[in-house]
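What follows is a single structure, written as structure tokens, with notes after it.
Protein chains: 2
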Amino acid sequence: MGTVERSGDDHTSEMESAEEEEVVGSGELAQHLLKSGVTRNEMIAAITNRLHAEAMASLPPNVRRRIRALRTLQKEFVDIEAKFYSEVHALECKYEKLYKPLYEKRALIVNGTYEPNDDECLNPWRDDTEEEELARAVQNAAITEGEEKKDDKAIEPPMDPNVKGIPDFWYNIFRNVSMLSEMMQEHDEPILKCLQDIKVQMHEDPISFTLEFYFAPNEYFTNTVLTKEYLMKCKPDEESPLEFEGPEIYSCKGCEINWNAGKNVTVKTIKKKQKHKSRGSVRTVTKSVQADSFFNFFNPPTLPEDPNSTVASDVQALLTADFEIGHYIRERVVSRAVLLYTGEGLEDDDDDDYEEEEDSYSDEDSGTEEVSDVED
Amino acid sequence: MGTVERSGDDHTSEMESAEEEEVVGSGELAQHLLKSGVTRNEMIAAITNRLHAEAMASLPPNVRRRIRALRTLQKEFVDIEAKFYSEVHALECKYEKLYKPLYEKRALIVNGTYEPNDDECLNPWRDDTEEEELARAVQNAAITEGEEKKDDKAIEPPMDPNVKGIPDFWYNIFRNVSMLSEMMQEHDEPILKCLQDIKVQMHEDPISFTLEFYFAPNEYFTNTVLTKEYLMKCKPDEESPLEFEGPEIYSCKGCEINWNAGKNVTVKTIKKKQKHKSRGSVRTVTKSVQADSFFNFFNPPTLPEDPNSTVASDVQALLTADFEIGHYIRERVVSRAVLLYTGEGLEDDDDDDYEEEEDSYSDEDSGTEEVSDVED
Numbered sequence: 517m518g519t520v521e522r523s524g525d526d527h528t529s530e531m532e533s534a535e536e537e538e539v540v541g542s543g544e545l546a547q548h549l550l551k552s553g554v555t556r557n558e559m560i561a562a563i564t565n566r567l568h569a570e571a572m573a574s575l576p577p578n579v580r581r582r583i584r585a586l587r588t589l590q591k592e593f594v595d596i597e598a599k600f601y602s603e604v605h606a607l608e609c610k611y612e613k614l615y616k617p618l619y620e621k622r623a624l625i626v627n628g629t630y631e632p633n634d635d636e637c638l639n640p641w642r643d644d645t646e647e648e649e650l651a652r653a654v655q656n657a658a659i660t661e662g663e664e665k666k667d668d669k670a671i672e673p674p675m676d677p678n679v680k681g682i683p684d685f686w687y688n689i690f691r692n693v694s695m696l697s698e699m700m701q702e703h704d705e706p707i708l709k710c711l712q713d714i715k716v717q718m719h720e721d722p723i724s725f726t727l728e729f730y731f732a733p734n735e736y737f738t739n740t741v742l743t744k745e746y747l748m749k750c751k752p753d754e755e756s757p758l759e760f761e762g763p764e765i766y767s768c769k770g771c772e773i774n775w776n777a778g779k780n781v782t783v784k785t786i787k788k789k790q791k792h793k794s795r796g797s798v799r800t801v802t803k804s805v806q807a808d809s810f811f812n813f814f815n816p817p818t819l820p821e822d823p824n825s826t827v828a829s830d831v832q833a834l835l836t837a838d839f840e841i842g843h844y845i846r847e848r849v850v851s852r853a854v855l856l857y858t859g860e861g862l863e864d865d866d867d868d869d870y871e872e873e874e875d876s877y878s879d880e881d882s883g884t885e886e887v888s889d890v891e892d
Numbered sequence: 517m518g519t520v521e522r523s524g525d526d527h528t529s530e531m532e533s534a535e536e537e538e539v540v541g542s543g544e545l546a547q548h549l550l551k552s553g554v555t556r557n558e559m560i561a562a563i564t565n566r567l568h569a570e571a572m573a574s575l576p577p578n579v580r581r582r583i584r585a586l587r588t589l590q591k592e593f594v595d596i597e598a599k600f601y602s603e604v605h606a607l608e609c610k611y612e613k614l615y616k617p618l619y620e621k622r623a624l625i626v627n628g629t630y631e632p633n634d635d636e637c638l639n640p641w642r643d644d645t646e647e648e649e650l651a652r653a654v655q656n657a658a659i660t661e662g663e664e665k666k667d668d669k670a671i672e673p674p675m676d677p678n679v680k681g682i683p684d685f686w687y688n689i690f691r692n693v694s695m696l697s698e699m700m701q702e703h704d705e706p707i708l709k710c711l712q713d714i715k716v717q718m719h720e721d722p723i724s725f726t727l728e729f730y731f732a733p734n735e736y737f738t739n740t741v742l743t744k745e746y747l748m749k750c751k752p753d754e755e756s757p758l759e760f761e762g763p764e765i766y767s768c769k770g771c772e773i774n775w776n777a778g779k780n781v782t783v784k785t786i787k788k789k790q791k792h793k794s795r796g797s798v799r800t801v802t803k804s805v806q807a808d809s810f811f812n813f814f815n816p817p818t819l820p821e822d823p824n825s826t827v828a829s830d831v832q833a834l835l836t837a838d839f840e841i842g843h844y845i846r847e848r849v850v851s852r853a854v855l856l857y858t859g860e861g862l863e864d865d866d867d868d869d870y871e872e873e874e875d876s877y878s879d880e881d882s883g884t885e886e887v888s889d890v891e892d
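Going line by line, the protein sequences match chains A and B. Under this note's numbering, the first residue of the first sequence is numbered 517, with each subsequent residue one higher. Under this note's numbering, the first residue of the second sequence is numbered 517, with each subsequent residue one higher.
Written out as structure tokens, the structure reads:
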């Protein structure tokens, strides 16, 4: 898996803080722009351009001319770089085929169709004895700790020792990965327990990829696969070629879910009482509204066909988040599923939530807290 | 330029916040680990392993066995992935050669050896008229604003209109890019004004790259080039192969700077008064200590030869920062120099400093602030 794509175009936001300090100095322009109803990002972009122009204006014309020559060279660079990224994408397509047999075997093991032999269960780089011992120690500790611990776990019944495959494999990944667990609602959980596999299909031309979610037969919908396609571009933008940073997702397509009657978790019906204006009689109407659900992932907002038309900023924000999730599923979830299941491969993907908390910890503080917890 | 390398191994720190909440539940282990003098990161890693083992222990043995089979598959995946990254590195080496003529022409223009012709100064994707008009408007504004503005700029004399090349091109990049400006001290500035070019040399086997800093003859040192070499590895670690995330820098080498007498900005002499214990007489001794300077970049801390020996955490932190800087110079500075000079390509690379500030701004707040600034 390469890490060369960026999800969404966050170029403007990247510049925000760098330019933050200078915004004040261009107050007049800012006021003008605010009056004309531009967004903050558009404003910052305009001010950045203005500052750029100001810096340029203070230079002698011949120096400005040379800078323009460097920009021409930069455009040539970007055109070559685009070819580099196309070659990387072709490599990714080639390697996806090499990974495929591994993914297929994984699916067979997870879903209990294939039982691995002893050789396949050896992890020679790992001290298995140590792992076994630790596991045994933990089990012993659980026994000696007695009733209290058992009560804690009373809600979850122990797993049937004769169970097939690895139950709830993908569901547990959803629970472990915060980017996914944040999307998952309580009513999604029984459906996601039927999730049997996630596959990526890479397409070389036009460059794009499809995420395929395979489900066991279930009472919620009749589909066996739900798909989400991400379309990418790997060419510098004609109007602002120097902003090119490699392939990026620019659009996505969902799929229709054939929900069984009364099982659609993405809508909820709300009842409303309406009073007749003149007669004063009251009637109750039911209205369907969108409900929070992971399955809204398959019904993303659509972009206007005209690439030049402006997209509402809330739609843009939704799509940016959606692109990030699609990118993350392709890059990490599919390729490292077992590590996300065990928790080893969990990244700091909830950076934002914990940033401040982390800052306020020093090594010593955290240590002291631990110790006092134990002494209680 | 690819973006496939990670600088330094920050795997442990990535897991910190994800595991933060669970640390409390493993207080006893934490206490034990703290007593044995491990660092916080090592502690979190140990607790993560313990939690992993606990989760494993609660599963029936046949399920645990299947998870081990998935880990074997994951190791196979990682071995194939390492080949993918090697191919990407080979591609990067190939493209570096394609970029080379552009970089060479850039150096000629920057240093005034070559004057670009009109065709080379065309930026057809950009509305030049608009840029010219804005530049003129800014100049006019500066004139009508009168004395006050002139006073502000009094410190910087206007540039000689017959100047050659683009004066202080690289020095201005150092000023604009916060990662570099933070390293630059006042005494470094006149030296960095002599910086004429930064080049990257890619090496295919063993995979590595060298940053070359070319200087005009100057009174500070006799070197014409200062070099910094970064050594990378692209193979999964034998003991923890599943942590593999692609090529990473693992070591770097600086170069000796032949400072002219009294010109070494990386050392400062401090005078100390010493009192003789018995005689009570006082003498003054001078002592050389390291001074803050960008040029310490060429004298990084060395790693112990034995890869298994532990590195002090402060040295490790210095090296991690150093690897990030080397990676950034290669990835962004060399390939996008003109955009960093003009300010267009500045990234949010001082994310950490501004994170909180950004959080506290809403679009509206910032807008109001702008307006009130103007009304003052």
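For every residue, glycine included, the Cβ atom is placed at its ideal position computed from N, Cα and C. Here the structure is a predicted model, which is why all the values come from computation and not from measurement.
Go ahead and pull the three-state DSSP assignment for Cys768 of chain B.
One-based indexing of the second sequence puts residue 768 of chain B at position 252. DSSP places Cys768 of chain B in strand when its eight states are reduced to three.
Classification of Asn774 of chain B by the beta-carbon crowding that lies within 10 angstroms, buried from 16 upward:
Numbered from 1 along the second sequence, position 258 holds the residue referred to as residue 774 of chain B. Counting other Cβ atoms within 10 Å of its Cβ, Asn774 of chain B stays below 16 and is therefore classed as exposed.
Could you round the C-beta distance between Tyr611 of chain A and Gly762 of chain A to whole angstroms and report it? I think they count as a contact, below 8 angstroms.
Taking the first residue of the first sequence as position 1, residue 611 of chain A is located at position 95. Taking the first residue of the first sequence as position 1, residue 762 of chain A is located at position 246. Taking the Cβ atoms as the reference, Tyr611 of chain A lies roughly 17 angstroms from Gly762 of chain A, outside the contact range of under 8 angstroms.
For Trp686 of chain B: DSSP bridge partner residues:
Your numbering for residue 686 of chain B matches position 170 in the second sequence. Paired residues: none, contrary to the question.
Bridge partners of Val741 of chain B, per DSSP?
Locating residue 741 of chain B in the second sequence gives position 225, counting from the first residue. In the DSSP assignment, Val741 of chain B forms a beta bridge with B:Tyr730.
Check the Cβ of Lys751 of chain B against every Cβ in chain A and list those closer than 7 angstroms, keeping chain order.
In the second sequence, the residue the question calls residue 751 of chain B occupies position 235. Chain A residues near Lys751 of chain B: none, gap ~13 angstroms exceeds 7 angstroms.
What separation, rounded to the nearest whole angstrom, lies between the Cα atoms of Leu614 of chain B and Gly859 of chain B?
Counting from one through the second sequence, the residue named residue 614 of chain B turns up at place 98. Counting from one through the second sequence, the residue named residue 859 of chain B turns up at place 343. Going from the Cα of Leu614 of chain B to the Cα of Gly859 of chain B covers about 25 angstroms.
Alpha-carbon spacing of Glu597 of chain B relative to Phe814 of chain B, whole angstroms
For this step, residue 597 of chain B is matched to residue 81 along the second sequence. For this step, residue 814 of chain B is matched to residue 298 along the second sequence. C-alpha separation (whole angstroms): 33 angstroms.
Interface flag, Phe593 of chain A vs chain B, CB-CB below 8 angstroms:
Mapped onto the first sequence, residue 593 of chain A falls at position 77. So yes, Phe593 of chain A belongs to the interface.
Gln590 of chain A classed as buried or exposed, judged by whether at least 16 other C-beta atoms fall within 10 angstroms
By 1-based counting over the first sequence, the position of residue 590 of chain A is 74. The residue is buried, with at least 16 neighbouring Cβ atoms inside 10 Å.
Spell out the partners DSSP gives Val831 of chain A in its beta bridges.
The count along the first sequence starts at 1 and reaches residue 831 of chain A at position 315. Partner residues in a beta bridge of Val831 of chain A, as assigned by DSSP, do not exist.
Taking the beta strand (DSSP E) that Asp635 of chain A belongs to, which residues open and close that run?
The residue given as residue 635 of chain A occupies position 119 in the first sequence. That residue, Asp635 of chain A, is in no beta strand (DSSP E); it is neither H nor E in DSSP.
Would a check of beta-carbon distances place Cys768 of chain B closer than 8 angstroms to chain A?
Against the second sequence, residue 768 of chain B aligns to sequence position 252. So, not an interface residue.
When the distance is taken between beta carbons, is Phe760 of chain A closer than 8 angstroms to Leu618 of chain B?
Stepping through the second sequence from its first residue, residue 618 of chain B is reached at position 102. Stepping through the first sequence from its first residue, residue 760 of chain A is reached at position 244. The answer is no: Cβ separation not under 8 angstroms.
Applying a beta-carbon distance threshold of less than 8 angstroms, which residues of chain A neighbour Ser602 of chain B?
Residue numbering aside, residue 602 of chain B sits at position 86 when the second sequence is read from its first letter. What Ser602 of chain B touches in chain A: nothing, since even the nearest Cβ is about 11 angstroms away.
DSSP bridge partner residues for Gln790 of chain A (one or two, in chain order):
Along the first sequence, one-based indexing puts residue 790 of chain A at 274. In the DSSP output, where bridge partners are listed per residue, Gln790 of chain A has A:Arg799.
Is the separation between the beta-carbon of Ile714 of chain B and that of Phe729 of chain B shorter than 8 angstroms?
Numbered from 1 along the second sequence, position 198 holds the residue referred to as residue 714 of chain B. Numbered from 1 along the second sequence, position 213 holds the residue referred to as residue 729 of chain B. Yes, the Cβ-Cβ distance between Ile714 of chain B and Phe729 of chain B is below 8 angstroms.
Which chain A residues are close to Pro757 of chain B, counting only those with a beta carbon under 7 angstroms from its beta carbon?
Residue 757 of chain B sits at position 241 when you count from the first residue of the second sequence. The contacting residues are Trp641.
Could you tell me the boundaries of the beta strand (DSSP E) in which Lys621 of chain A lies?
Within the first sequence, the letter at position 105 stands for residue 621 of chain A. Careful: Lys621 of chain A lies outside any beta strand (DSSP E), inside the alpha helix (DSSP H) at 577 to 626.
Alpha carbon to alpha carbon, how far is Pro816 of chain A from Ala573 of chain A? Give it in angstroms, no decimals.
The residue labelled residue 573 of chain A in the question sits at position 57 within the first sequence. The residue labelled residue 816 of chain A in the question sits at position 300 within the first sequence. So the two alpha carbons sit approximately 45 angstroms from each other.
Buried or exposed (CB count within 10 angstroms, at least 16 for buried), Phe801 of chain A
Looking up residue 801 of chain A in the first sequence gives position 285. According to the sequence shown, residue 801 of chain A is Val rather than Phe. Answer is exposed; the Cβ neighbour count stays below 16.
Interface residues of chain B facing Cys475 of chain A [CB-CB closer than 7 angstroms]:
Residue 475 of chain A lies beyond the residue range present for chain A, which begins at 517 and ends at 892; the question has no answer from this structure.
Inter-residue Cα distance where the pair is Ile675 of chain B and Met695 of chain B:
Reading the second sequence from its first residue, position 159 is the one you call residue 675 of chain B. Reading the second sequence from its first residue, position 179 is the one you call residue 695 of chain B. Just to set this straight, residue 675 of chain B is Met in the shown sequence, not Ile. The straight-line gap from Cα to Cα measures roughly 27 angstroms.
Which whole-angstrom value describes the C-beta separation of Gly681 of chain A and Arg582 of chain B, a residue pair presumed to lie in contact below a C-beta threshold of 8 angstroms?
Residue mapping note: residue 681 of chain A aligns to position 165 of the first sequence, counting from 1. Residue mapping note: residue 582 of chain B aligns to position 66 of the second sequence, counting from 1. Their Cβ separation, rounded to whole angstroms, is 7 angstroms, which keeps Gly681 of chain A and Arg582 of chain B in contact under 8 angstroms.
With distances taken Cα to Cα, identify the nearest neighbour of Leu638 of chain A among B:Asn627, B:Arg580, B:Leu638, B:Ile689.
On the first sequence, position 122 is the one that residue 638 of chain A refers to. Taking each of B:Asn627, B:Arg580, B:Leu638, B:Ile689 in turn and checking the Cα distance to Leu638 of chain A, the smallest one comes out for B:Arg580.
Counting only Cβ-Cβ distances shorter than 7 angstroms, please list the residues of the region 824 to 849 of chain A near chain B, keeping chain order.
Residues passing the 7 angstroms Cβ filter: none.
Distance check for Asp635 of chain A and Glu570 of chain B, CA to CA, integer angstroms please.
Position 54 of the second sequence, counting from 1, holds the residue named residue 570 of chain B. Position 119 of the first sequence, counting from 1, holds the residue named residue 635 of chain A. Straight-line Cα distance between these residues: approximately 24 angstroms.
Measure the CB-CB distance between Arg846 of chain B and Leu727 of chain B and report whether it falls below 8 angstroms.
For the purposes of this step, residue 846 of chain B is identified with residue 330 of the second sequence, where counting begins at 1. For the purposes of this step, residue 727 of chain B is identified with residue 211 of the second sequence, where counting begins at 1. In this structure, Leu727 of chain B lies closer than 8 angstroms to Arg846 of chain B by Cβ.
Have a look at the DSSP bridge pairing and note the partners of Lys749 of chain A.
Position 233 of the first sequence holds residue 749 of chain A. For Lys749 of chain A, the beta-bridge partners assigned by DSSP are A:Glu764.
Rounded to whole angstroms, how far is the Cβ of Tyr687 of chain B from the Cβ of Leu708 of chain B, which I believe are closer than 8 angstroms?
Taking the second sequence and counting its residues from 1, one reaches residue 687 of chain B at position 171. Taking the second sequence and counting its residues from 1, one reaches residue 708 of chain B at position 192. Confirmed, about 5 angstroms.
With DSSP collapsed to three states, give me the class of Val805 of chain B.
Position 289 of the second sequence, counted from the start, is the residue given in the question as residue 805 of chain B. In this structure, Val805 of chain B counts as strand in the three-state DSSP scheme.
Find the nearest neighbour of Asn678 of chain A within the set B:His792, B:Asn578, B:Tyr857, judged by alpha-carbon distance.
As a first step, residue 678 of chain A is located in the first sequence; it is residue number 162 there, counting from the start. Taking the Cα of Asn678 of chain A as reference, the smallest distance to any Cα among B:His792, B:Asn578, B:Tyr857 is reached at B:Asn578.
So with CB distances below 7 angstroms, who are the chain A contacts of Leu614 of chain B?
Counted from its first residue, the second sequence places residue 614 of chain B at position 98. The answer, in chain order, is Ile596.
For Arg848 of chain A, is the classification buried or exposed, using 16 other Cβ atoms within 10 angstroms of its Cβ as the cut-off for buried?
Residue 848 of chain A sits at position 332 when you count from the first residue of the first sequence. Buried, by the Cβ-count rule.
Candidates A:Phe839, A:Asp808, A:Met699, A:Thr588, of which the one nearest Glu745 of chain A by Cα
Translated into positions along the first sequence, residue 745 of chain A becomes position 229. A:Phe839 is the residue among A:Phe839, A:Asp808, A:Met699, A:Thr588 whose C-alpha sits nearest the C-alpha of Glu745 of chain A.
Separation of Thr738 of chain B from Ser794 of chain B, as counted between CA atoms
Indexing the second sequence from 1 puts residue 794 of chain B at position 278. Indexing the second sequence from 1 puts residue 738 of chain B at position 222. Thr738 of chain B has its alpha-carbon roughly 47 angstroms from the corresponding atom of Ser794 of chain B.
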